[in-house]
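Taken in sequence, the protein lines are chains E and G. Each residue of the first sequence is one higher than the one before, counting from 21 in the numbering used here. Each residue of the second sequence is one higher than the one before, counting from 5 in the numbering used here. Here is the structure we will look at, set down as structure tokens.
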Amino acid sequence: GAGVSQTPSNKVTEKGKYVELRCDPISGHTALYWYRQSLGQGPEFLIYFQGTGAADDSGLPNDRFFAVRPEGSVSTLKIQRTERGDSAVYLCASSLSGTLSYNEQFFGPGTRLTVL
Amino acid sequence: QKEVEQDPGPLSVPEGAIVSLNCTYSNSAFQYFMWYRQYSRKGPELLMYTYSSGNKEDGRFTAQVDKSSKYISLFIRDSQPSDSATYLCAMNNQGGKLIFGQGTELSVKP
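Structure representation (structure tokens):
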């Protein structure tokens, strides 16, 4: 398909464990975004990449959260020492560019993370 | 106080009704205003976007932005059961991150 894909679709882990969430953006999109959506809330921004570099990581809640995009395409969100409060749907989005005045962000289906 | 406020509902209307959804915001720097629709267990999909103040119409959907009041609206005419979803307003000033409202859950009953 031509859309944004995310794997896994569901992840259940235990408190204290490490998890990695993967995002495959639409081909040719240089900007990639991570958001977190808690139950009954709107998506909350975490980090945005323009190419390989993080253009804005102001939404990462603490140093347990880290994201990479080494080749400017696929991105991985990494969460260390998971806590129950990290349970949420993690959404990835991509757009043609993040630097132009407006670019539609296309969202993937999300990864549902449950920390027991 | 959140930058973007949206009544979470839930909102239930009969088929064919006109639906009005709205958001208020506090950051006067916002220039781009979007409405996303999100079905259960899916990612948000863009319905409409508007730049600055004004109206925009697309089929049964009309988006309005009043920057002087920091208030945006989405109207759905002749609502259908397939419109049942959560509607999210979002905004930013240029590129980059979107600031979302909480989302309004809409149910259109046949």
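For each residue, glycine too, the CB sits at the ideal point set by N, CA and C. Keep in mind that this is a model prediction, so the values were computed, not measured.
- Per DSSP, the continuous beta strand (DSSP E) segment holding E:K31 begins and ends at 30 to 33.
- Around G:F104, the beta-carbon contacts reaching into chain E at under 9 angstroms are Y55, Q57, Q61, G62, P63, E64, F65.
- Per the C-alpha coordinates, the member of E:A87, E:F69, E:G105, E:K98 positioned closest to E:H49 is E:F69.
- Excluding sequence positions up to five before and after G:S111, its CB lies within less than 8 angstroms of the CB of P14, L15, S16, V17, S88, all in the same chain and listed in chain order.
- For E:R104, the secondary structure class from DSSP, reduced to helix, strand or coil, is helix.
- Pairwise C-beta distances place the stretch 21 to 41 of chain G in contact with the stretch 90 to 110 of chain G, as three or more of them are shorter than 8 angstroms.
- Between G:Y43 and chain E, the shortest Cβ-Cβ separation is not below 8 angstroms.
- Only Q35, Y36, M38, Y40, Q42, R45, K46, G47, P48, E49, L50, Y53, Y55 from the stretch 23 to 57 of chain G bring a Cβ to less than 9 angstroms from some Cβ of chain E.
- In this chain, the beta strand (DSSP E) harbouring G:E109 covers 108 to 113.
- Every candidate alpha helix (DSSP H) stretch fails here, since none sits fully inside the stretch 32 to 90 of chain G while reaching 4 residues.
- According to DSSP, residue pairing for G:P18 in a beta bridge involves G:K113.
- Residues of chain G with a Cβ closer than 9 angstroms to the Cβ of E:G130 are, in chain order, R45, K46, G47.
- Per DSSP, the continuous beta strand (DSSP E) segment holding E:V135 begins and ends at 131 to 135.
- Here G:V23 is bridged, per DSSP, to G:I80.
- Using a 10 angstroms sphere on the CB of E:T134, the tally of other CB atoms stays under 16, which defines it as exposed.
- Taking a 10 Å sphere around the C-beta of G:Q5, we find fewer than 16 other C-beta atoms and assign the residue as exposed.
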